[in-house]
Each structure stands twice: as C-alpha cells, then as structure tokens.
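Residue numbers (numbering that gives the first Met the number 0), protein chains in the order written: chain A, 0 to 212; chain B, 0 to 189.
Think of the CB as a built atom: it goes at the ideal place given N, C-alpha and C, for glycine as much as any other residue.
Single-structure report; data block below.
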Amino acid sequence: MANIKTSKKSTRIDMTAMCDVAFLLLSFFIMTATAKVPEPKPVDTPASTVKAKLPERNLLTITIGDSAVYLGMSDRETRIAALEAMSLKYDIAFTPQEINEFSLLDSFGVPLEQLKSLLALPNAQRNRPGTQSGIPYAGDISENELSDWVFYASEAVILEQQGRGVEKLKEIEVAIKGGSKEKYPVVKRVFDILQKQNVNNFYLVTSLRSEDF
Amino acid sequence: MAELNTGGGGGKGGKVRSKKSNPGVDLTAMVDLAFLLITFFILTTTLSKPQSMDLSLPDNDKPDPNSTPPEAPAWRTLTVVLGKNDKLVYYIGLTDAPYVDAEINGKPKLENYGGKGIRKAILSHNKYVLEHVDDPNKEGLTVLIKASKSANYKNVVDILDEMAIIKPRSYSIVDVTPGDIKMLEDKKIK
C-alpha cells in the first residue's frame with residue numbers, strides 16, 4: 000500500500016548544516032564583540048540621529064557626569080607617556096608598577112595626588128560609585144589638571160607617531176560623553192578648555208534615535 | 000544522516016534490528032542554544048557601539064584681523080536661545096530689533112524641541128530664505144545657537160541634531176547676550 004510507505008518516511012530534518020552555520024555565526028559574533036569596559040561614572044548620553052562612528056585609536060574620551068570630569072585614553076602608550084609628563088609637571092613620582100597599573104586603566108577621574116591611592120585599590124573597587132571624584136578643571140582655563148591631561152595626551156600621540164616614523168601625523172581625537180542632564184555651563188567650560196588646547200573638532204557621544212521625535 | 004538508516008532494514012532476523020538504532024545525534028537542542036547565543040551577541044554588539052556627532056568650534060586663539068565675520072542680513076539670521084524646562088525662544092533678526100516685515104514675523108516665540116516644535120519653525124524659514132536669495136548655492140539661512148545657563152547638555156545636542164536634519168547654510172554656537180536673557184525672562188524660561 001502506497002499510503003503506508005509515505006508514512007514511514009522520517010519527519011526529522013538534518014540539522015548538521017544548520018548547526019554548522021549557527022556556530023560559525025556564533026564564533027564570528029563572539030570574536031567581533033567588544034567587551035564592555037567598566038566606567039567610573041556611567042552616564043546617560045543624549046540621543047541624536049547622526050550616525051558617525053567614533054575612531055578607535057588615538058581617542059581621548061572626556062566623560063562629564065554630575066559636574067565631574069573623567070578621562071579615558073584609548074592607547075596604552077599614550078597613557079604611559081601622559082602620566083610621565085604629568086608626574087614631572089606636578090612633581091609626583093610614580094613607581095614603574097604604578098605606571099604599568101595606570102596603563103591598564105581604561106578611564107579614571109581623580110586629582111593627580113589621589114591617583115596613587117586609586118592605583119593601589121584592587122580593580123573591582125575602583126569603579127564603585129563615589130570612589131572617583133573627578134579631575135579638577137576649575138581655575139585658570141589653561142592651568143588646570145584637565146587641560147594638562149589633554150595637552151600631554153595630544154603631545155604623547157604626536158610623539159608616539161614621530162617615534163614610529165609616520166609621515167602624516169594625526170592629531171588626537173577627542174570625544175565628549177556628557178550626561179543628558181548636565182548643566183550647560185559645565186559642558187561649556189570643557190569646550191573652552193579644549194579650545195584653549197587647540198582642539199576645535201570633537202565628537203559628541205550620543206545614542207541613536209529616529210528622526211521623528 | 001539520521002534518516003538514512005530509518006527506512007532501511009531487510010528482514011534478516013534479530014541481528015539486523017540492532018543496526019536499526021539511530022546513529023545520528025539529535026542536534027535540535029544544540030541549534031536552539033547556538034541561535035539563542037547568536038541573538039544575544041547580535042543584540043549586545045549593535046547596542047554597545049556608541050554613536051557620535053561631530054562638532055567644530057571656531058579657533059579662538061588666532062582671530063584673523065583682516066577678515067570681518069561673515070555678516071548675514073537680518074532676515075536670513077535665525078537665533079535660538081535655549082532656556083530651562085526644555086523650552087526655547089527663537090527669533091529672526093537682531094536681538095534688540097527682531098526682523099518684521101509683511102512676510103516674516105521675527106518676534107521672539109516660545110517653542111518646544113523636536114519635530115513639531117523648533118524643527119518646523121526653522122524648516123519653514125529655511126525654505127523661505129532659499130526661495131528668496133539670489134543664489135541658493137551660496138547664500139542661505141544662518142542659525143545662531145545660544146545656550147543659557149539653565150539649559151542642559153541634552154538641549155544642546157537636540158538642537159545640534161536639528162541642525163544635522165535641517166542642514167541650514169551655516170550654524171554656530173555663540174554666547175548669550177543680556178538681551179537674550181531678558182527674552183527668556185519675558186517667556187519665563189530663564
């Protein structure tokens with residue numbers, strides 16, 4: 000009987016190829032995924048429709064949250080060079096271990112004299128709320144710690160490229176990541192400090208939204 | 000693979016029966032898991048990529064003494080003053096003397112952010128300006144953005160975003176003047 004024969008046919012599908020594809024995609028996504036770095040102050044960025052991407056290298060991220068300013072440098076060499084210059088300028092010596100520890104720090108926000116005690120803390124405790132009070136940016140517009148960090152970081156980027164013998168020197172890129180509720184005078188102050196350091200182009204980090212808001 | 004053996008089997012006694020047992024592994028659960036993880040990674044990677052917008056400010060240190068700042072006629076200048084409570088005031092022309100003629104009413108107006116508020120106002124004036132200039136490729140609307148002390152960062156990004164959508168001829172962020180502050184006071188959003 001023909002009917003019985005068709006019912007005997009298996010209903011199962013060969014999953015091997017599907018499984019292969021699934022795991023191929025899975026490994027692709029795992030490899031391309033960037034781990035989320037813990038931040039001393041997570042901020043809620045305002046939304047915009049512009050979809051420009053942030054550069055990945057030579058990037059200085061200035062986070063503004065609750066009127067405090069936090070810095071992040073993208074490259075280890077820049078971090079080391081900037082810290083060494085800062086330690087000379089402010090006459091605070093750092094041990095090689097501390098410098099190495101600092102070069103692993105993605106972002107920080109403490110006055111320079113408190114940096115030693117921050118580096119002494121274990122990794123998990125550094126980003127607890129309230130541990131980092133922000134980089135001082137009050138006082139003279141070109142004579143405060145924030146402007147010094149910006150200056151030495153941009154210098155470090157240039158020197159590092161010269162050291163490698165790059166023909167076309169690229170200046171440091173600055174991204175500002177401000178919280179939505181930040182008062183404008185605070186942001187304006189950061190803009191002014193950056194302009195004083197001849198950084199006139201920068202990125203504003205935003206989240207995405209559609210045009211019909 | 001799995002189904003290859005299912006229909007088989009001759010009828011040669013008990014020994015053949017043991018061959019009937021399925022050698023293929025059931026991959027359904029594994030595929031389920033793999034796709035679940037894929038979904039997870041797709042969602043997290045696209046969400047964590049930060050977006051950004053460019054902002055260029057004028058060079059403060061080296062003002063060129065020979066060049067005069069580009070003066071746009073009053074009717075082509077629209078000023079947006081950002082106040083508190085997510086409100087703003089906009090006007091056409093100068094602070095002290097808003098431009099008013101038969102077609103344009105440049106008097107200060109209270110407005111909200113977003114597509115129904117300020118964007119509509121700027122878009123309509125932008126259109127008007129482009130229709131009335133001699134050469135639309137060289138001249139157009141100039142938008143001045145003045146953020147007061149009571150505005151927040153979100154307001155600034157919102158208005159810059161409007162600029163990115165409307166694309167006026169030029170726009171810049173400038174400091175507030177006492178006249179603008181008074182305007183905000185009049186509208187009670189200082």
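- Of the candidates Leu-109/B, Arg-168/B, Val-175/B and Asn-151/B, the residue whose Cα lies closest to the Cα of Val-186/A is Asn-151/B.
- For Gly-178/B, the uninterrupted alpha helix (DSSP H) segment begins and ends at 177-185.
- For Tyr-89/A, the CB contacts under 6 angstroms within the same chain, skipping 5 residues up- and downstream, are Leu-111 in chain order.
- The DSSP-derived three-state label of Phe-101/A is helix.
- Straight-line measurement puts the Cα of Thr-77/A at about 38 angstroms from the Cα of Pro-167/B.
- Contact between Asn-199/A and Pro-57/B is confirmed by a C-beta separation of about 7 angstroms, below the 8 angstroms threshold.
- When the Cα atoms are used, Gly-82/B and Ala-80/A turn out to be separated by approximately 42 angstroms.
- Taking 8 angstroms as the Cβ-Cβ cut-off, the region 151-169 of chain B approaches chain A at Asn-151, Tyr-152, Lys-153, Asn-154, Val-155, Val-156, Asp-157, Leu-159, Asp-160, Ala-163 and Ile-164, given in chain order.
- Cβ proximity to chain B below 9 angstroms picks out Ala-174, Ile-175, Lys-176, Gly-177, Gly-178, Ser-179, Lys-180, Glu-181, Lys-182, Tyr-183 and Pro-184 from the region 165-184 of chain A.
- Between Ser-147/B and Val-175/B, the CB-CB gap stays under 8 angstroms.
- The alpha carbon of Ala-84/A has as its nearest neighbour, out of Val-68/A, Ala-174/A and Phe-150/A, the alpha carbon of Phe-150/A.
- Measuring C-alpha to C-alpha distances from Leu-70/A to each of Gln-96/A, Ile-91/A and Glu-144/A identifies Glu-144/A as the nearest.
- Using a Cβ-Cβ cut-off of 8 angstroms, Glu-83/A does not count as an interface residue toward chain B, since no Cβ of chain B sits closer than that to its own.
- Contact annotation for Ser-123/B against chain A: no contact, minimum CB-CB distance about 17 angstroms [criterion: below 9 angstroms].
- Nearest Cα to Glu-172/A within the set Ala-119/A, Lys-115/A and Lys-52/A: Lys-52/A.
- Against chain B, the beta carbon of Tyr-202/A has neighbours under 8 angstroms at Ser-51, Met-52, Asp-53 and Leu-54, listed in chain order.
- Cβ contact annotation for Val-128/B (same chain, cutoff 7 angstroms, sequence separation greater than five): Arg-75, Gly-139 and Leu-140, in chain order.
- One finds nothing in chain B with a Cβ atom closer than 7 angstroms to the Cβ of Thr-62/A; even the nearest lies about 11 angstroms away.
- Below the 7 angstroms Cβ cutoff, chain A contributes Met-14, Met-17, Cys-18 and Ala-21 as neighbours of Val-30/B, in chain order.
- Residue pairing by DSSP places Ala-46/A opposite Ser-206/A in a beta bridge.
- Think of a sphere of 7 angstroms around the beta carbon of Asp-211/A: the chain B residues whose beta carbon falls inside it are Gly-114, in chain order.
- Selection Ser-169/B, Ile-180/B, Ile-158/B and Ile-188/B evaluated against Met-52/B yields Ile-158/B as nearest (Cα-Cα).
- The C-alpha of Asn-84/B is placed about 15 angstroms away from the C-alpha of Met-182/B.
- Taking a Cβ-Cβ threshold of 8 angstroms, none of the residues of chain B is close to Ala-137/A; the smallest such distance is about 16 angstroms.
- Here Glu-172/A carries a strand assignment [DSSP, helix/strand/coil].
- Here the C-alpha atom of Gly-164/A lies approximately 46 angstroms from the C-alpha atom of Pro-135/B.
- Between Phe-101/A and the set Arg-127/A, Asp-74/A and Leu-87/A, the nearest pair of CA atoms involves Asp-74/A.
- When secondary structure is reduced to three states using DSSP, Ser-169/B falls in the strand class.
- Taken in chain order, the unbroken stretches of beta strand (DSSP E) that lie wholly in the region 116-160 of chain B and span 3 residues or more are 141-146.
- Interface criterion not met: the Cβ of Asp-179/B is under 8 angstroms from no Cβ in chain A.
- For Tyr-89/B, the beta-bridge partners assigned by DSSP are Val-79/B and Lys-108/B.
- Residue state for Asp-191/A is assigned as helix, using DSSP reduced to three classes.
- Between the C-alpha atoms of Lys-40/A and Pro-184/A there is a straight-line separation of about 19 angstroms.
- Secondary structure note for Tyr-89/A: it is in no beta strand (DSSP E), and the uninterrupted alpha helix (DSSP H) holding it is 75-89.
- Looking from the CA of Ser-171/B, the closest CA among Met-29/B, Thr-78/B and Ala-33/B belongs to Thr-78/B.
- Annotation: the continuous alpha helix (DSSP H) that includes Gly-162/A extends over 144-163.
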